[in-house]
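**Q** In case it helps, this note's numbering puts the sequence shown at residues 61 to 354.
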Amino acid sequence: MSTPSSWPLPPSSIRYLVPKPMIQILQQDILSSGMYPLAYGYYENAKGHAIHREQHDDHLMMFCVEGKGYIKSPHWQGTLQKNQIVFIPQSVNHEYMADNKHPWSIYWVHLSGHLFQHFMDIIAYKPDNIRFNVPNPSLVESEFQQLLETRYSSYKSSSFVLAANILKKILSLLANQLPKTPIKGEKDFNKQHLDLYLQENICNLLTLEQMADFVGLSKFYFAKKFQQVAGISPIKYFLEKKIQYACYRLDSTDENIKDVAKHLGYDDPYYFSRLFKNVMGLSPKQYRLSRHGH
61 MSTPSSWPLP
71 PSSIRYLVPK
81 PMIQILQQDI
91 LSSGMYPLAY
101 GYYENAKGHA
111 IHREQHDDHL
121 MMFCVEGKGY
131 IKSPHWQGTL
141 QKNQIVFIPQ
151 SVNHEYMADN
161 KHPWSIYWVH
171 LSGHLFQHFM
181 DIIAYKPDNI
191 RFNVPNPSLV
201 ESEFQQLLET
211 RYSSYKSSSF
221 VLAANILKKI
231 LSLLANQLPK
241 TPIKGEKDFN
251 KQHLDLYLQE
261 NICNLLTLEQ
271 MADFVGLSKF
281 YFAKKFQQVA
291 GISPIKYFLE
301 KKIQYACYRL
311 DSTDENIKDV
321 AKHLGYDDPY
331 YFSRLFKNVM
341 GLSPKQYRLS
351 RHGH
């Protein structure tokens, strides 16, 4: 693991290193092996905080909630300030320092696991694009605070597995919040316009060709580029939107399942029920009777 900075820790700040025996457990547990923390903390008003790493053995993310600082990596350098987050992958040498006049307050995590790269692909991370604005910083900060709270838990594996899953939730929130980089190709790919088109056709059955025609791309190029941006195929993406709408109708109306299916373009209610269960893990009837539907 990359050694956290030796910045003198005031009472209002936190630095926590996950014990090595617990890291070994996290690496092997199916619930945590995809992504797990190695060290994490919070530095408040961190004047004098600075580091230079030629060797970087893990992934690092830093979320600034006050002040600002400066970061430099081989392909990017710039300022990290309030409501921004930065990601520095393994093996990328870097240096950073807090601003002298307005030093940053940051949450930080050293982490490992193969899912990190997957999340970076979703948010369109590139070596020359390592800093992102966070649209809903209070929500993200509350999850970082929950992560810090886990250090008070007893010394048992379940507490550290919980920390790993809070970390995954943080990355999931960011993947959902951060705007994706537009695709460049035969023409600009505007996902927001496509979302409006899909919403307008939520009661129809669209083909891949129809979606590709709408954005003016070949279906093969469109499918490939959509997968890169959304992390999911366009057909599956549209299906999930339709099922979300089905959930809304099951929650808010007394329509029978056959009519809900018909409203969404499915003449066969049994086929619709299979699709619904594949997405939700429950049949439409089970969903309506469960707490999810009330």
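Beta carbons: idealized from backbone N, C-alpha and C, even for Gly.
#1: Any idea which residues DSSP pairs proline 163 with across the strands?
#2: Checking 7 Å against the spacing of the C-beta atoms, do glycine 127 and serine 72 come in under that value?
#3: Measure the alpha-carbon distance for histidine 116 versus lysine 80 and round it to whole angstroms.
#4: Using a 10 Å radius around the Cβ and a threshold of 16 neighbouring Cβ atoms, would you call glutamate 114 buried or exposed?
#5: Could you compute how far the alpha carbon of histidine 135 sits from the alpha carbon of methionine 180?
#6: Looking at C-alpha atoms only, which residue of Asn250, Ile85 and Ile317 is the closest neighbour of glutamine 349?
#7: Would you mind reading off the limits of the beta strand (DSSP E) that contains isoleucine 148?
#8: Can you give me the C-alpha to C-alpha distance between serine 66 and isoleucine 90, rounded to a whole angstrom?
#9: From what residue to what residue does the beta strand (DSSP E) around alanine 158 run?
#10: Let me check understanding here. Comparing Cα to Cα, which of Asn189, Leu208 and His109 lies closest to leucine 69?
#11: Is it buried or exposed, proline 242, if we count other Cβ atoms within 10 angstroms and call 16 or more buried?
#12: Tell me which same chain residues have a C-beta within less than 6 Å of the C-beta of isoleucine 182, skipping the five on either side of it?
#13: Which same chain residues, not among the five before or five after alanine 321, have their C-beta less than 7 Å away from its C-beta?
#14: Once you ignore the five residues that flank asparagine 264 on each side, which residues in its own chain have a CB closer than 8 Å to its CB?
#15: Going straight from the alpha carbon of tyrosine 103 to that of arginine 309, what length do you get?
#16: Please report how far the alpha carbon of arginine 334 lies from the alpha carbon of serine 343, in whole angstroms.
#17: CB isoleucine 131 to CB tyrosine 156, shorter than 7 Å?
#18: Assign lysine 247 to buried or exposed, taking buried as 16 or more other Cβ atoms, counted over all protein chains shown, within 10 Å of its Cβ.
**A** Let me lay it out:
#1: Taking the sequence shown and counting its residues from 1, one reaches residue 163 at position 103. Proline 163 is bridged to Lys128.
#2: Start at 1 with the first residue of the sequence shown, and residue 127 comes out as number 67. Start at 1 with the first residue of the sequence shown, and residue 72 comes out as number 12. The answer is no: Cβ separation not under 7 Å.
#3: As a working note, residue 116 is residue 56 in the sequence shown. As a working note, residue 80 is residue 20 in the sequence shown. When rounded, the distance between both Cα atoms is 18 Å.
#4: By 1-based counting over the sequence shown, the position of residue 114 is 54. Glutamate 114 comes out exposed.
#5: In the sequence shown, residue 135 corresponds to position 75, counting from 1. In the sequence shown, residue 180 corresponds to position 120, counting from 1. Roughly 16 Å between the two C-alpha positions.
#6: Mapped onto the sequence shown, residue 349 falls at position 289. Reading off the sequence, residue 349 comes out as leucine, not glutamine. The candidate whose alpha carbon is nearest that of leucine 349 is Ile317.
#7: Mapped onto the sequence shown, residue 148 falls at position 88. Looking at the DSSP string, the run of the beta strand (DSSP E) that includes isoleucine 148 is 144 to 148.
#8: One-based indexing of the sequence shown puts residue 66 at position 6. One-based indexing of the sequence shown puts residue 90 at position 30. Cα-Cα distance, rounded: 33 Å.
#9: Reading the sequence shown from its first residue, position 98 is the one you call residue 158. Per DSSP, alanine 158 belongs to the beta strand (DSSP E) from 154 to 158.
#10: Taking the first residue of the sequence shown as position 1, residue 69 is located at position 9. Among Asn189, Leu208 and His109, the Cα nearest to that of leucine 69 is on His109.
#11: If you number the sequence shown from 1, residue 242 lands on position 182. At proline 242 the pLDDT is 44, less than 50, meaning the model places this residue with poor confidence; the figure from the coordinates comes in the next sentence. Its Cβ having fewer than 16 others within 10 Å, proline 242 is exposed.
#12: Locating residue 182 in the sequence shown gives position 122, where the first residue counts as 1. Only Ala235 and Gly291 meet the Cβ criterion.
#13: The sequence position of residue 321 within the sequence shown is 261, counting from 1. Only Pro329 and Phe332 meet the Cβ criterion.
#14: Here residue 264 refers to the residue found at position 204 of the sequence shown. Once the five neighbours on either side are set aside, the close Cβ partners of asparagine 264 are Gly325.
#15: By 1-based counting over the sequence shown, the position of residue 103 is 43. By 1-based counting over the sequence shown, the position of residue 309 is 249. Each residue's alpha carbon lies about 46 Å from the other.
#16: Sequence index remark: in the sequence shown, residue 334 carries index 274 (1-based). Sequence index remark: in the sequence shown, residue 343 carries index 283 (1-based). So the two alpha carbons sit approximately 7 Å from each other.
#17: Position 71 of the sequence shown, counted from the start, is the residue given in the question as residue 131. Position 96 of the sequence shown, counted from the start, is the residue given in the question as residue 156. Against a cut-off of 7 Å, the Cβ pair of tyrosine 156 and isoleucine 131 comes out as a contact.
#18: Counting from 1 along the sequence shown, the entry for residue 247 is found at position 187. Legend: pLDDT at lysine 247 = 48, less than 50; position of this residue unreliable, value from coordinates given subsequently. Per the 10 Å Cβ criterion, exposed.
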